[in-house]
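Data block below; observations after.
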Amino acid sequence: MKIAIIYDSITGNTKKIAEAIKEACNEHEIIFGDMDTDINEADLVFIGSWTDKGNCSQKVKEKLEKMNHKKIAIFGTAGFGGSEEYFENLYQRIKQCIPQTNEILGHFYCQGKMPLTVKDRYIKMITEHPEDKKLQVSLENFEKALTHPDTKDVEDAKEFARRMIKRCV
Ligand SMILES: Cc1cc2nc3c(=O)[nH]c(=O)nc-3n(C[C@H](O)[C@H](O)[C@H](O)COP(=O)(O)O)c2cc1C
C-alpha cells in the first residue's frame with residue numbers, strides 16, 4: 045500500500061506527529077512532505093494541520109478541497125486542546141472542507157505548545173483586565189500545552205496510524 049503523510053506545521057508540533065505516523069507506517073511505501081506534495085498515487089492519505097483560529101490552516105483547507113476518491117486520516121495539534129470536546133469541534137470543522145467522494149477513516153488530535161509571545165500577550169491582557177477569569181484560564185492552558193506533543197501523544201499517534209492502516213487492508 046502507498047501511504048502519503050502530508051502536514052502543515054509552523055513551529056514543529058504537527059511535524060513531530062507526522063514523523064511518529066511515518067514511523068508506524070514503515071512497512072509501506074511512504075510519500076512524506078508538505079501541502080505541495082503530489083499524493084495522486086497514494087491509497088491512504090494522512091493529512092495534518094496546526095490549528096489557526098479554531099480551524100485547520102488555509103493550506104490544509106485548500107489541499108483537502110481538491111482531494112477526491114481518497115481514504116483520508118486526519119491529524120492535528122492545537123494549543124487549546126485540553127479536551128476531547130474541543131478536538132471534536134476541530135474535526136467537525138475540517139470535515140466540512142472534504143469532498144464527499146473521499147472516505148474519512150478517522151482523526152487524531154493532541155495539544156501543541158504555543159510560542160512564548162502568546163504568553164506575553166496574556167500577561168499584558170491580565171494586567172489590563174485582572175477581573176477577566178477567562179484570561180487566567182488561557183494562561184493556565186498555555187502552561188499545560190508547553191510539554192506537548194509529549195511521549196504519550198507520540199505513542200497515541202502511532203497507535204492511531206496502525207488503526208487507520210488496518211481499516212484499509
Ligand atoms: C496565529 C496562531 C493562531 C492560533 N490559533 C489557535 C486556535 O484557534 N486554537 C488552538 O487550539 N490553537 C491555536 N494556535 C496554536 C497552534 O495551533 C498550536 O500551537 C499548534 O500545535 C502549532 O502547530 P505547529 O507547531 O505544527 O505549527 C494558534 C497559533 C498561532 C501562531
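Heads up, the sequence shown is in the numbering used here, so the first residue is 45 and it goes up one at a time.
Idealized CB from N, CA, C, for every residue including glycine.
If you're wondering where the values come from, they're calculated on a predicted model, not measured in any experiment.
Ligand 1 heavy atom lying under 6 Å from the CB of residue i
i      : result
PHE119 : no
PRO105 : Note on identity: in this sequence residue 105 is Lys, with Pro being the wrong assignment. Answer for LYS105: no, Cβ out of range of ligand 1.
ASP96  : yes
ILE54  : yes
THR58  : yes
MET158 : yes
GLY126 : no
ALA86  : no
ALA122 : yes
Own chain residues within Cβ distance below 7 Å of residue i, not counting five before or after
i      : result
GLY125 : PHE131, TYR153, CYS154 and GLN155
TYR166 : LEU179, SER182, LEU183 and PHE186
Own chain, CB closer than 8 Å to residue i, minus 5 neighbours either side, in chain order
i      : result
ASP96  : GLN102
ASP82  : ILE75
GLY56  : none
GLN180 : ILE170
ARG137 : GLY98, ASN99 and CYS100
MET45  : HIS72, GLU73, ASP87, LEU88, ILE209, CYS212 and VAL213
Buried versus exposed, by CB contacts within 10 Å (16 or more), residue i
i      : result
ASP80  : exposed
THR58  : buried
HIS192 : buried
ILE91  : buried
ASP197 : buried
SER127 : exposed
ILE47  : buried
Candidates the options, of which the one nearest residue i by Cα
i      : options                           : result
ALA86  : SER182, ILE167, CYS69 and LEU134  : CYS69
ASN112 : MET208, LEU190, PRO143 and LYS196 : PRO143
GLU147 : GLU203, LYS202, LYS66 and VAL89   : VAL89
GLY120 : VAL162, ASP194 and ASP52          : ASP52
ILE65  : LYS196, GLU71, ILE49 and ILE54    : ILE49
LYS139 : GLY123, ASP164 and LYS105         : LYS105
GLY123 : ILE116, LEU190 and ILE167         : LEU190
LEU149 : MET208, MET45 and HIS72           : MET208
Sequence-distant residues of its chain with Cβ nearer than 6 Å to residue i (five each side left out)
i      : result
GLU109 : CYS141
HIS151 : ILE118 and TYR135
LYS60  : PRO193
SER24  : Because residue 24 is not part of the residues shown, which for the chain are 45 to 213, the question remains open.
LYS107 : MET79
Any chain D beta carbon closer than 7 Å to residue i
i      : result
ILE148 : The displayed structure is made up of one protein chain only, and chain D is not part of it.
What are the uninterrupted segments assigned as alpha helix (DSSP H) that are 4 or more residues long and contained completely in the segment 103 to 181, given in chain order? 128 to 139 and 160 to 172
Runs of alpha helix (DSSP H) wholly within the segment 47 to 87 (minimum 4 residues, chain order): 57 to 68
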